[in-house]
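Student:
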Amino acid sequence: MTVNNNLVLIRQANVKDLERLFFECFYKDYATVLVGGYSEPLYLPAGDDRRECQLQFRKDFFASALHEIAHWCIAGRERRKLVDFGYWYRPDGRTPTEQKAFELVEVRPQALEWVFSMATGVCFQLSSDNLQAEEPASNGDFADAVYQQVLSYCAQGLPPRGELFARKLAAYYGLGDPVDSSFYDRQILSRRPLS
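Under this note's numbering, think of the first position of the sequence shown as 1, with each following residue one higher.
#1: Quick check: the Cα distance between Leu18 and Ser181, rounded to an integer number of angstroms?
#2: Determine the extent of the beta strand (DSSP E) in which Leu175 is found, giving its start and end residues.
#3: Are the CB atoms of Phe85 and Ala101 within a distance shorter than 8 Å?
#4: Could you please give the first and the last residue of the uninterrupted beta strand (DSSP E) stretch that includes Thr218?
#5: With 8 Å set as the bound, which would you pick, yes or no: does the beta-carbon of Gly121 sit closer than that to a beta-carbon of chain D?
#6: Are there 16 or more other CB atoms within 10 angstroms of the CB of Gly162, so buried, or fewer, so exposed?
#7: Write down the C-beta distance between Leu169 and Val146 rounded to the nearest angstrom, noting that I regard them as a contact closer than 8 Å.
#8: Can you tell me whether Cys123 is helix, strand or coil according to DSSP?
#9: Going by DSSP, which residues form a beta bridge with Arg50?
#10: Looking only at DSSP bridge pairs, what is Leu55 linked to?
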């Protein structure tokens, strides 16, 4: 597959492949499964009623699965003991201050999701997750921060679990090195964002 600045990467994506690849990478050491079909994403640590951790993603949405995997790959040991990694979530209609706080915690996961998207050959779309935001994410500081973070990941390396999963994806999908900075273009983030 030819890469053209990440603008034309489109391929058939199957979430069952992601679930299986995630299981192969992480179940033995982390007892965590990736499961789709939910109305909202959620991370559930193992507990009295669960022998394994569950990383739930929306319906059968490939991008939702990649995004939740990115959060899991970044979360440290203590955060992985907490429901939804202990993060707050405010639904659509956040104030500008709440939106900035949301964006601060989303830079690293969205940059890692972009790397995973490159490894699978699926287009990445920045998500402000706020239809009522005053300024679209693609036109502002958030997009710049995600782009700078992906370049930092390319230069300095991914989080260890993110590295393992990105390599697994690239090998499975037969694509090149997902941490080659020449594959990333800030313009891709100027497309209409998902909200």
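Glycine is no exception: its CB is placed at the ideal position from the N, C-alpha and C atoms.
Because the structure is a prediction, the values reported are computed rather than measured.
Tutor: So, from the listed chains and residues:
#1: Computed Cα separation, rounded: 24 Å.
#2: From DSSP, Leu175 is part of no beta strand (DSSP E); its letter is neither H nor E.
#3: At a Cβ-Cβ threshold of 8 Å, Ala101 and Phe85 do not count as neighbours.
#4: Given a span of 1 to 195 for the chain in the structure shown, any question on residue 218 remains unanswerable.
#5: Annotation note: the requested chain D is absent from the structure, which comprises a single protein chain.
#6: Looking at its Cβ environment, which holds 16 or more other Cβ atoms inside 10 Å, Gly162 is buried.
#7: At roughly 19 Å, the Cβ-Cβ gap does not stay under 8 Å, so Leu169 and Val146 are not in contact.
#8: Three-state result, Cys123: coil.
#9: The partner list for Arg50 (beta bridge, DSSP) reads Gly47.
#10: Beta-bridge pairing by DSSP links Leu55 to Leu34 and Tyr43.
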